[in-house]
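Worksheet for the structure shown next.
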Amino acid sequence: MPGITERLGSDVLVVQGAVGTYLAQKGFEGNVCSLNLEEPDAIEQMHQLYRIAGADCAVTNTFCATSSCLASEGLAGQVGAINMEGVRLAREAGFPHVLAAMGPCGVQVEPGSGLAALEARAACDEAAAAAQAQGPAVGYASAREQYLEQAAALSAAAPDAILLETFTSLDDALAALDAAQTACDLPVFVCMSFVGPDAPDVAECARILERAGAAAVGCNCMAPEETLACVRAMRAVCALPLIALPSAGVPRELPRRGLVWPVSPDDFAVAAARLVAAGASLVGSCCGSTPACTGAMYAAVGGTALPEAQE
């Protein structure tokens, strides 16, 4: 089978849906990445359900598996084991491709530090790059160290790609991308979430991430309409494969029903077709979605060739 980067240039691939939502609905709390070691059967079952629904790509249960994120569970020393087991469990479910997830580590990264580090690397100025990594951008260096440790562990288990997701800061995303590229030769996909009045410019982020060497760019954790607008903005300025992982919207708390998400599986099917028409080649879902949502998306666009982007 061709590698995932080759397939993204010609095929539409469907990504499994939410990990955290699924596990929360099963009653698990805290940092669910610890379940890779403590409840591996639950993680494997989750992946199997998404695979049965038609997903081409697994997303590992490693979104919050940096040392800083695991420290609250007393597991900062288990970064390697938790990340490697996350990849193994996803692989065991039989997906054609496994995307190793990395999320924000929680370290505050100074505005402009990511771009400054990119400029230094682009100029092949080792002294400037070293100075940038050691100060004054202490946050950038600290975050990069966290991501480097996680990316090294993930790559040791041989996923098909690293997936950076739900980054709201471009500088933080650049720190994670820099670390992943240093740790391994795997393709690195970068998804950002553009939410709120302080969100960075979508087109500018796409251009900079492409320049930084991302293998694919996109967005996640936004409602389908917001995701579609971002995909269109990225396609206008970026030649890379595009990723679109919309959420199920903002949930409501209802008596005796708990959280109810407004976007249905049928809505996800419609969204998948529109996202592919706009230029996305890797489509899936995020918070609030279920295997049923993945199945609906696969029924709409799975197994198809990538069409020319349309308005």
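Residue numbers for the sequence shown follow the numbering used here, so the first one is 1049 and each next one is one higher.
Positions of the beta carbon are idealized from the N, C-alpha and C atoms, including for glycine.
Here the structure is a predicted model, which means the values were calculated and not measured.
**Report entry** As assigned by DSSP and simplified to three states, the class of D1208
**Finding:** Taking the sequence shown and counting its residues from 1, the one referred to as residue 1208 is at position 160. Note: D1208 maps to coil in three-state DSSP.
Requested in this report: State the CB to CB distance for the pair D1208 and V1146, rounded to an integer number of angstroms; the pair is presumed to be in contact (CB under 8 angstroms).
Outcome: Translated into the one-based positions of the sequence shown, residue 1208 becomes position 160. Translated into the one-based positions of the sequence shown, residue 1146 becomes position 98. Right, the Cβ-Cβ distance comes to about 5 angstroms (below 8 angstroms), so this counts as a contact.
Query raised in the report: When we look at the beta-carbon of T1110 and count the other beta-carbons within 10 Å, is it buried (16 or more) or exposed?
Result: Locating residue 1110 in the sequence shown gives position 62, counting from the first residue. Buried.
Report task. Please work out which residues of its chain come closer than 6 angstroms, Cβ to Cβ, to L1257, disregarding the five sequence neighbours upstream and downstream, and give them in chain order. Result -> The residue you call residue 1257 lines up with position 209 of the sequence shown. Hits under 6 angstroms: V1238 and V1265.
Report task. For N1109, name the three-state secondary structure that DSSP assigns. Result -> Counting from one through the sequence shown, the residue named residue 1109 turns up at place 61. Here N1109 sits in coil by DSSP.
Query raised in the report: Where does D1059 fall in DSSP's three states?
Result: For this step, residue 1059 is matched to residue 11 along the sequence shown. Looking at D1059 - three-state DSSP - the assignment turns out to be strand.
Query raised in the report: When burial is assigned at 16 or more other CB atoms within 10 Å of the CB, is V1285 buried or exposed?
Result: Along the sequence shown, read from residue 1 onward, the residue named residue 1285 stands at position 237. It counts as exposed.
Query raised in the report: Does the beta-carbon distance from V1127 to L1118 come in below 8 angstroms?
Result: In the sequence shown, counting from the first residue as 1, residue 1127 sits at position 79. In the sequence shown, counting from the first residue as 1, residue 1118 sits at position 70. Yes, these two residues count as a Cβ contact at 8 angstroms.
Query raised in the report: Cα separation between L1354 and G1187?
Result: As a first step, residue 1354 is located in the sequence shown; it is residue number 306 there, counting from the start. As a first step, residue 1187 is located in the sequence shown; it is residue number 139 there, counting from the start. If I take the Cα positions, the gap works out to 40 angstroms.
Query raised in the report: Relative to the alpha-carbon of A1204, which residue among A1231, A1191 and E1213 has its alpha-carbon at the smallest distance?
Result: Here the question's residue 1204 lines up with position 156 in the sequence shown. Residue A1231 is the option with its Cα nearest to A1204.
Query - Among L1123, V1135, R1192 and A1171, nearest to Q1156 - alpha-carbon criterion - result: By one-based count along the sequence shown, residue 1156 stands at place 108. When each option's Cα is compared against that of Q1156, the closest is R1192.
Query - 3-residue-minimum beta strand (DSSP E) runs that sit fully inside the segment 1078-1125, ordered along the chain - result: 1105-1107
Query raised in the report: Since P1294 contacts P1272 with CB under 8 angstroms, what's their CB separation in whole angstroms?
Result: Counting from one through the sequence shown, the residue named residue 1294 turns up at place 246. Counting from one through the sequence shown, the residue named residue 1272 turns up at place 224. Right, the Cβ-Cβ distance comes to about 4 angstroms (below 8 angstroms), so this counts as a contact.
Requested in this report: Give me the Cβ distance between F1215 and P1313, rounded to the nearest whole Å; I'm assuming they're in contact under 8 angstroms.
Outcome: As a working note, residue 1215 is residue 167 in the sequence shown. As a working note, residue 1313 is residue 265 in the sequence shown. 27 angstroms between Cβ atoms; not a contact.
Query raised in the report: Between C1253 and the rest of its own chain, which residues show a CB-CB distance below 7 angstroms, the 5 nearest in sequence each way excluded?
Result: In the sequence shown, counting from the first residue as 1, residue 1253 sits at position 205. Only L1218 and M1240 meet the Cβ criterion.
Requested in this report: Take G1142 and list the residues in its own chain whose beta-carbon comes closer than 7 angstroms to its own, dropping the five residues that flank it on each side.
Outcome: As a position in the sequence shown, residue 1142 is number 94, starting the count at 1. Around G1142: R1099.
Query - Helix, strand or coil at S1329 [DSSP, three-state] - result: Taking the first residue of the sequence shown as position 1, residue 1329 is located at position 281. Correct three-state label for S1329: strand.
Requested in this report: Measure the Cβ-Cβ separation of V1062 and M1345 and say whether it is below 8 angstroms.
Outcome: Here residue 1062 corresponds to residue number 14 of the sequence shown, with the count starting at 1. Here residue 1345 corresponds to residue number 297 of the sequence shown, with the count starting at 1. In this structure, M1345 lies closer than 8 angstroms to V1062 by Cβ.
Query - Cα-Cα separation between D1089 and A1296, rounded to whole angstroms - result: Taking the first residue of the sequence shown as 1, we reach residue 1089 at position 41. Taking the first residue of the sequence shown as 1, we reach residue 1296 at position 248. Using only the alpha carbons, I get a separation of about 26 angstroms.
Query raised in the report: Who are the Cβ neighbours of C1112 in its own chain at under 8 angstroms, not counting the five residues just before and after it?
Result: What you label residue 1112 is simply residue 64 of the sequence shown in a count that begins at 1. Excluding residues within five positions, the ones whose Cβ falls inside 8 angstroms are N1079, V1080, C1081, L1118 and G1151.
Report task. Consult DSSP for A1200 and reduce its assignment to one of helix, strand or coil. Result -> To locate residue 1200, count along the sequence shown from 1; it is residue 152. If DSSP states are grouped into helix, strand and coil, A1200 belongs with the helices.
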